[in-house]
Each structure stands twice: as structure tokens, then as C-alpha cells.
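Novice:
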Amino acid sequence: MRLRRAVSFFAGTCLLALTTATNGSALAAAGETFDPDIREAWHYRLTMEKVQVAVTASVKVNKLLDRDAAMRKRSDDLDNKHFTLDRRAREIDTSFPQIAAIVHGSGLGTREWLLVNMAYISDMMYVGMKK
Numbered sequence: 000m001r002l003r004r005a006v007s008f009f010a011g012t013c014l015l016a017l018t019t020a021t022n023g024s025a026l027a028a029a030g031e032t033f034d035p036d037i038r039e040a041w042h043y044r045l046t047m048e049k050v051q052v053a054v055t056a057s058v059k060v061n062k063l064l065d066r067d068a069a070m071r072k073r074s075d076d077l078d079n080k081h082f083t084l085d086r087r088a089r090e091i092d093t094s095f096p097q098i099a100a101i102v103h104g105s106g107l108g109t110r111e112w113l114l115v116n117m118a119y120i121s122d123m124m125y126v127g128m129k130k
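Residue 55 in numbering that gives the first Met the number 0 is what sits at position 56 of the sequence shown, and the numbering runs on without skipping anything.
(1) Should the region 58-71 be called in touch with the region 101-121, which here means at least 3 C-beta pairs below 8 Å?
(2) Sorted by chain position, which residues of the same chain lie with C-beta nearer than 7 Å to Ile-134's C-beta, five sequence neighbours on each side aside?
(3) Can you list, in chain order, the residues of its chain with a C-beta nearer than 8 Å to that of Asp-122? Leave out the 5 residues immediately preceding and following it.
(4) Can you give the Cα-Cα distance for Ala-68 and Asp-75, rounded to whole angstroms?
(5) Leaving out the 5 sequence neighbours to the left and right, which residues in its chain are closer than 7 Å to Arg-87 when beta-carbon positions are compared?
(6) By Cβ distance below 8 Å, which residues in the same chain neighbour Arg-73 in space, the five residues on each side in sequence not counted?
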């Protein structure tokens, strides 16, 4: 009986080590190919203050979009295939001055507001998967 447990434990340990090594190298390789904006969001240091400011601005932006159907349609039609933080921040600043005014009024730059939202959503998904 002890031998069976020892063999099972050893086999399980070997399988765990192999899986960890395989997944670790796959994740490392994937990290090399990830978009720089995603990498920046992963490494962004979120604070509760920044999250609260960004969420407050987002609520105001959503209220504005709820009141203005044409603006919501224009924002929904933005090109997401070629998304970068810099490009989207420029689009918001030039094409949606009301949204930019809300974001800047909150104390964040447009790009930082996008980055905080991206980092926050990424972290919340990670925490959700961990549970």
C-alpha cells in the first residue's frame, strides 16, 4: 500500500512539474508576442484612487452616451481591429470633445483613463478566474 502511494505521489509530482514547465514556457513565449499596450496594462500599478476616478468618469461618459444616441453610434463604430491606446486616445480627443472634457475634468488624461480601465478589467478577470 505504501509503495502504491509513493508511486502515485511520484507520478503526480512528475506530471505537475512537466505541466508547469510546459505552461511556463508557453506563457513566456506568449508574453513575447503580446501587444505592448496589453503588456503595459499588465504592469500598470493600479491604485484605488485611480480606479475610483476612472470609474466616476466612465459613469459620466456612459450617461452622456445614453443621452446622445448619435454619439453612441459613432463611438460604437470606431475601428477596433487596429486598436492602440495612443490611437484611441487621439480619436477620443479629436472626435469626441465632450468625452475628453469629462475625462480631463476628472484629472486623468485620455490615454491614462483608457489604460486604467484596461488594467482594471484585466485584473478583475484575473481575480475572477482565481476564485
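Think of the CB as a built atom: it goes at the ideal place given N, C-alpha and C, for glycine as much as any other residue.
Specialist: In terms of the structure at hand:
(1) Between the region 58-71 and the region 101-121, the count of Cβ pairs shorter than 8 Å is three or higher; the stretches touch.
(2) With the chain covering 0 to 130 only, the question about residue 134 has no answer from this structure.
(3) Working through the sequence shown from its first residue, we reach residue 122 at position 123. Within the same chain, Cβ atoms closer than 8 Å to the Cβ of Asp-122 are found at Leu-45, the five residues on either side in sequence being excluded.
(4) Residue 68 sits at position 69 when you count from the first residue of the sequence shown. Residue 75 sits at position 76 when you count from the first residue of the sequence shown. Going from the Cα of Ala-68 to the Cα of Asp-75 covers about 10 Å.
(5) For the purposes of this step, residue 87 is taken as the residue at position 88 of the sequence shown. Within the same chain, Arg-87 has close Cβ partners Leu-113.
(6) Within the sequence shown, the letter at position 74 stands for residue 73. Contacts found: Ser-94, Phe-95.
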